[in-house]
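Written below as structure tokens is the structure these notes are about.
Numbering (the working numbering), first residue to last: 1341 to 1816.
So this is what it looks like as structure tokens:
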């Protein structure tokens, strides 16, 4: 038996007293929580998004949100709210038949909030209250909006809101008169439909008050082409739009991000607008039954929509397997960073291509437009792509186990949900509730973004002050 040591017992008692004193002085958890969340904006972003999603679902459960003779289940309300807030466009109900005008306005409001970004709205409230941003909040907003200068973050918030509302108003001003004069609508009906679809188009939501989406306008290029143009503009990303506004005629002054986004976007849109009409030109279930001019317009329209637009004018489920595969690839990529679109983003695809090209040519560094990409950007692109592919594969396997649909159909739905695109082969409403809840999770994760979602849940990053010896495995 060890002899008693008074000094050891005294040191233990002192340590316990010090710990109790710190615990007594520490503020209670409810007082710490707001400061902790504001100090970690990524977690605040996730929390606000989830809270807004749940509130939207609760509002959609109200009888006032339902059309006469229709009721929504909890899963249907949650799915609809998530699809709207995530600006996805997948639907398990008919908005025009099962929701009242109030319910449709709730959906439009959720799309507007999701398109502008809950982080942006939270930041606007922060500016109103404290008149300035904290540095950590500015850095997170910089990552979320892809602003290339921390000093631009405070000013970009108001411009994001103004740009969104202006673009939506311009599109509505174009298509409302056309709907009124050419499609047997009253002025009020045209104003409501045009405004609703303008919000959906610019925010890349793809939801429609018509059960057949935009099929009734398949023969009217004066409606389809402006909607497609708004989808392209909304998918570029706010930093790119603001820079194009300042330096539209001076491409040499564009930042590297803008050059990569515009170049890759043009290539992908060109590929989609050529491949989809070619592959569907003679398909009697899609473009084959239309006139040559309508085939061309609708083919171009469907070549644009997979980039996160989500509208359709023909039956997507009746498309050729080759078209579905091309559409899946376009949906997985998505559109520009800092935009309303989902996917891994066009800049990520460009970085991956440049990495492969540099490796093929034997260059130790990745160069583009006279600049060298830092290793951190390459790691981010690889990590984001790998994480997105892992989510898609795991979710596809889960849905294949839970349902009896074919692989290409299930993969299409999964990529559409995770890329917040909204196109569907027609099986979304027929899926069992557990499968629909999985799509809800995919839409949330796809909108929040894999990197932001992971950083909100991960521990604070620790920097090593040492490194290990280098060793090379055999590749290939």
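The C-beta atom is built at its ideal place from N, Cα and C for all residues, glycine as well. All of these numbers come straight from a predicted model, not from anything done at the bench.
- By the CB criterion at 9 angstroms, residue 1680 and residue 1575 fall inside the cutoff.
- From the listed residues 1431, 1593, 1443 and 1426, the smallest Cα separation to residue 1406 is found for 1443.
- Take the alpha-carbon of residue 1411 and the one of residue 1656: they are about 28 angstroms apart.
- With distances taken between CA atoms, residue 1452 lies nearest to 1536 out of 1536, 1675 and 1625.
- The three-state reading of DSSP puts residue 1589 in coil, since its state is none of H, G, I, E or B.
- Residue 1708 is bridged by DSSP to 1711.
- Going by C-alpha positions, residue 1513 is about 23 angstroms away from residue 1498.
- For secondary structure counted as the alpha helix (DSSP H) over 4 or more consecutive residues, the region 1617-1665 holds these complete runs in sequence order: 1632-1644.
- In the assembly as shown, residue 1534 is a buried residue. Its beta-carbon has 16 or more other beta-carbons within 10 Å.
- Inclusion of residue 1739 and residue 1422 in the CB contact set at 9 angstroms is not warranted, their separation being larger than that value.
- Comparing alpha carbon positions, the residue from 1684, 1682, 1676 and 1718 closest to residue 1699 is 1718.
- If you compare the alpha carbons of 1742, 1755 and 1715 with that of residue 1730, the shortest gap goes to 1755.
- Each of 1559, 1593 and 1547 was checked against the Cα of residue 1709, and the nearest Cα belongs to 1593.
- Between the beta-carbon of residue 1643 and that of residue 1613 there is about 4 angstroms, and that keeps the pair under the 8 angstroms contact cut.
- Residue 1531 and residue 1548 have their C-alpha atoms roughly 14 angstroms apart.
- In this structure residue 1787 is buried. Its beta-carbon is surrounded by 16 or more other beta-carbon atoms within 10 angstroms.
- Residue 1784 has no beta-bridge partner at all, per DSSP.
- Between the beta-carbon of residue 1401 and that of residue 1417 there is about 5 angstroms, and that keeps the pair under the 8 angstroms contact cut.
- Boundaries cannot be given for residue 1426, as no alpha helix (DSSP H) includes it and DSSP labels it neither H nor E.
- Annotated three-state conformation of residue 1406 is strand, per DSSP.
- Here DSSP, grouped into helix, strand and coil, assigns residue 1771 to coil.
- Here the region 1563-1578 lies against the region 1505-1520, with 3 or more beta-carbon pairs under 8 angstroms apart.
- Judged by DSSP in its simplified three-state form, residue 1778 adopts helix.
- The beta carbons of residue 1386 and residue 1420 sit about 21 angstroms from each other, so the pair does not count as a contact at 8 angstroms.
- If you compare the alpha carbons of 1625, 1388 and 1540 with that of residue 1429, the shortest gap goes to 1540.
- Counting of Cβ neighbours within 10 angstroms places residue 1391 among the exposed residues, the total staying below 16.
- Look at residue 1401 here: in three-state DSSP terms it is coil, with no helix or strand label.
- With respect to residue 1772, residue 1743 sits close: the two C-beta atoms are nearer than 9 angstroms.
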